[in-house]
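**Q**
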Amino acid sequence: AKARGRNKHVVYDPSMNARARARLRRENDLRRAIEREELAVYYQPKVDLRTGSISGFEALVRWESPERGIVPPDEFIALAEETALIFPVGRWVLEEACRQAKEWREEYGAVGDDLSVAVNVSARQLQQEQGGIVEEVERVLALTGLEAGCLHLEITESVLMEDVPQNISTLARLKALGVHVEIDDFGTGYSSLAYLKRFPVDGLKMDKSFVEKLDSDEESAAIVEAMIMLARALDLEVIAEGVETPAQLARLRSLGCDVAQGYHFGRPVEAMAATGILDTVLSR
Ligand code: C2E
Ligand code: CA
Ligand code: CA
Ligand code: CA
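Residues 194 to 477 in the UniProt record's numbering are what the sequence shown lists, from first letter to last.
(1) Check each residue's C-beta against every heavy atom of ligand 2 and list, in chain order, those closer than 5 Å.
(2) For residue 478, which of helix, strand or coil comes out of DSSP?
(3) Any idea which residues DSSP pairs S258 with across the strands?
(4) CB of K398 to nearest heavy atom of ligand 3: below 7 Å?
(5) Spatial neighbours of residue 487 within its chain, please: CB distance less than 7 Å, with the 5 preceding and 5 following residues excluded, ordered by chain position.
(6) With hydrogens ignored, establish whether the beta-carbon of K401 is closer than 7 Å to any heavy atom of ligand 1.
(7) Give a single yes or no on whether E434 has its beta carbon closer than 7 Å to a heavy atom of ligand 3.
(8) Can the beta-carbon of F392 be found closer than 8 Å to that of L364?
(9) When you compare only the Cα positions, how much space is there between R197 and E275?
(10) According to DSSP, what are the bridge partners of L232?
(11) Judging by CA-CA distance, which residue of K368, P461 and Y301 is the nearest neighbour of E328?
(12) What distance in whole Å lies between the Cβ atoms of L344 and L353, which are believed to be in contact at a cut-off of 8 Å?
(13) What are the residues that DSSP puts in a beta bridge with N313?
(14) Could you give the first and the last residue of the continuous alpha helix (DSSP H) run that contains E418?
(15) Please classify T244 as buried or exposed, where buried requires at least 16 neighbouring CB atoms within 10 angstroms.
(16) Closest to I247 by CA distance: which of S208, E463, S315 and V452 is it?
(17) Measuring CA to CA, which of L389, R446 and G342 is closest to N360?
(18) Does DSSP put A443 in a helix, a strand or coil?
(19) Check whether the stretch 407 to 422 touches the stretch 445 to 460, counting contact only when three or more Cβ pairs, one atom from each stretch, lie closer than 8 Å.
(20) Between D400 and F379, which are expected to be in contact by the criterion C-beta below 8 Å, what is the C-beta distance as a whole number of angstroms?
(21) Locate the beta strand (DSSP E) running through A433, then write down its first and last residues.
(22) How should S402 be labelled, buried or exposed, when 16 other C-beta atoms within 10 angstroms of its C-beta is the threshold for buried?
(23) Could you check where the alpha helix (DSSP H) with D472 kicks off and where it finishes?
(24) Please classify R317 as buried or exposed, where buried requires at least 16 neighbouring CB atoms within 10 angstroms.
(25) Taking the alpha-carbon positions, what's the V417 to L397 distance?
(26) Within the present structure, is the beta-carbon of S309 separated from the nearest heavy atom of ligand 1 by less than 7 Å?
(27) Please classify T473 as buried or exposed, where buried requires at least 16 neighbouring CB atoms within 10 angstroms.
(28) Would V404 and E434 be called neighbours here (beta carbons separated by less than 8 Å)?
Now the structure itself:
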């Protein structure tokens, strides 16, 4: 390290440099993973509680690393956001998920909005210049031939609250394409009721932290009930994520929740395994 000068701010900080180098290495690893096509989309079923059948899947990205095994998104999405690698990653997931959903719809003769696919949209994707996400979605729908109503976009509540007027305008343009927009991790992002009414969205996806406490904690149950009533009042669909137990499912059903997703029904799995699930439940 450099000798300390009189001005503290020029001090060379070896630990920070090491951190910067580690980050650069992680960035290069991720870039190489994209080039080597090591990313994979996994699919987790969403169940319509009115009919009991699979209404669609959520697309969840994984990194199948030859060295590290299956790396979950929590370990690389944040880095991808910071480095703009989220753009190629997000574009690839969107294309892959729409192509898969189109294939399933044809294979199983799905009608209407059945067999939809939900894709997560990150902050940077939503906020890119001149509504770039709108053009991208339009392009991918045209490319894959997927009906717009079968594409659901999940945007977290905290991201929506970052730039409300801009996001309202982007959501309106997405909705004009015919895609469904859902507020993800609902209940954790502190949106006010006034904003909620102004966001042009189709559904609320209740955060799993509320679902988790449904069995044990009456106050959480009351909050879940209030969220479901709120969604009803605003004419929005309610989706519960993180459903793990039959008791949670029974409770959600009695409270009038529309759609549920969680390990109780199935974990996220590779496309081929998801096709297997459809084969079993929808066998013609
Ligand atoms: P999320 O969108 O809130 O997704 C739900 C997460 O909960 C997923 O974790 C899912 O595997 C997990 N999960 C599902 N059912 C259960 C359950 O019953 N119990 C519990 N404890 N967990 C359950 P995953 O796949 O690791 O994804 C984590 C986060 O990474 C996602 O949270 C999402 O924010 C982000 N993510 C995943 N794929 C993408 C993507 O393609 N693009 C972007 N931008 N973000 C993504
Ligand atoms: Ca999600
Ligand atoms: Ca969520
Ligand atoms: Ca989440």
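The C-beta atom is built at its ideal place from N, Cα and C for all residues, glycine as well.
**A** This is what the structure gives:
(1) N313, E347 and D377
(2) Shown here, the chain extends from 194 to 477; a query on residue 478 therefore has no answer.
(3) G262
(4) yes
(5) Residue 487 is absent from the model: the chain starts at 194 and stops at 477.
(6) yes
(7) yes
(8) yes
(9) Unreliable placement is indicated for R197, whose pLDDT of 48 sits below 50; the coordinate value is still reported in the next sentence. Roughly 32 Å separates the two Cα atoms.
(10) W256
(11) K368
(12) Their Cβ separation, rounded to whole angstroms, is 18 Å, which puts L353 and L344 out of contact at 8 Å.
(13) E347
(14) E411 to A426
(15) exposed
(16) V452
(17) L389
(18) helix
(19) yes
(20) 6 Å
(21) E430 to A433
(22) exposed
(23) A464 to L475
(24) buried
(25) 12 Å
(26) no
(27) exposed
(28) yes
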